[in-house]
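Asks:
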Amino acid sequence: MYVVLIARDKPGHLQTRLDNREAHLAYARASGILERGGPLLDDNGEMAGSMAVLNVPDMKTAEDFAANDPYNKAGLFAEVTLQEWKQVIAP
Numbered sequence: 008m009y010v011v012l013i014a015r016d017k018p019g020h021l022q023t024r025l026d027n028r029e030a031h032l033a034y035a036r037a038s039g040i041l042e043r044g045g046p047l048l049d050d051n052g053e054m055a056g057s058m059a060v061l062n063v064p065d066m067k068t069a070e071d072f073a074a075n076d077p078y079n080k081a082g083l084f085a086e087v088t089l090q091e092w093k094q095v096i097a098p
């Protein structure tokens, strides 16, 4: 199943994102479940959140991925949403 993860950063926490970026990227790459991902941008083009498409066997795996993300552990996110998604169009 596919799950879309949308995470919104806490306002004023860009430095937290930057400080934990390498650990976050290494975690995402090593997970084996990340299909696509990248930062959400604010009106000024600055990173302000995250979006990822996860290919997981169940929602629990997606929840565990989100909970253990270094960004989440560092307290970066104001909110995290996980939503099952059905792919209809692919590149």
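Residue 46 in this note's numbering sits at position 39 of the sequence shown, and the numbers go up by one each step. Virtual Cβ for every residue (Gly too), placed ideally from N, Cα, C. Everything numeric in this text was worked out from a predicted model, so none of it was measured.
What residue from GLY56, GLU91 and TRP92 has the CA that sits closest to ILE13's CA?
Replies: By 1-based counting over the sequence shown, the position of residue 13 is 6. The residue with the shortest Cα to Cα distance from ILE13 is GLY56.
Asks: Chain C beta carbons: is any one of them nearer than 7 Å to that of ALA37?
Replies: You won't find chain C in this structure, because it holds only one protein chain.
Asks: Mapping DSSP to helix, strand and coil, what is ASP50?
Replies: Position 43 of the sequence shown, counted from the start, is the residue given in the question as residue 50. Looking at ASP50 - three-state DSSP - the assignment turns out to be coil, as it is neither helix nor strand.
Asks: Do the segment 78-88 and the segment 41-51 make contact, defined as three or more Cβ pairs closer than 8 Å?
Replies: No contact exists between the segment 78-88 and the segment 41-51.
Asks: Out of GLU42, TYR34, TYR9 and VAL11, state which residue places its alpha-carbon closest to the alpha-carbon of LYS80.
Replies: Within the sequence shown, the letter at position 73 stands for residue 80. For the residues GLU42, TYR34, TYR9 and VAL11, the minimum Cα distance to LYS80 belongs to TYR34.
Asks: Tell me where the beta strand (DSSP E) around GLN90 begins and ends.
Replies: Start at 1 with the first residue of the sequence shown, and residue 90 comes out as number 83. Its beta strand (DSSP E) spans residues 84-92.
Asks: Quick check on the DSSP output: the beta strand (DSSP E) that includes ALA14 runs from which residue to which?
Replies: In the sequence shown, the residue the question calls residue 14 occupies position 7. Here the beta strand (DSSP E) through ALA14 covers 9-16.
Asks: Might you give, ordered along the chain, the residues of its own chain that have their beta carbon closer than 6 Å to the beta carbon of ALA30, omitting 5 neighbours on each side?
Replies: Translated into positions along the sequence shown, residue 30 becomes position 23. Cβ within range, chain order: PRO77.
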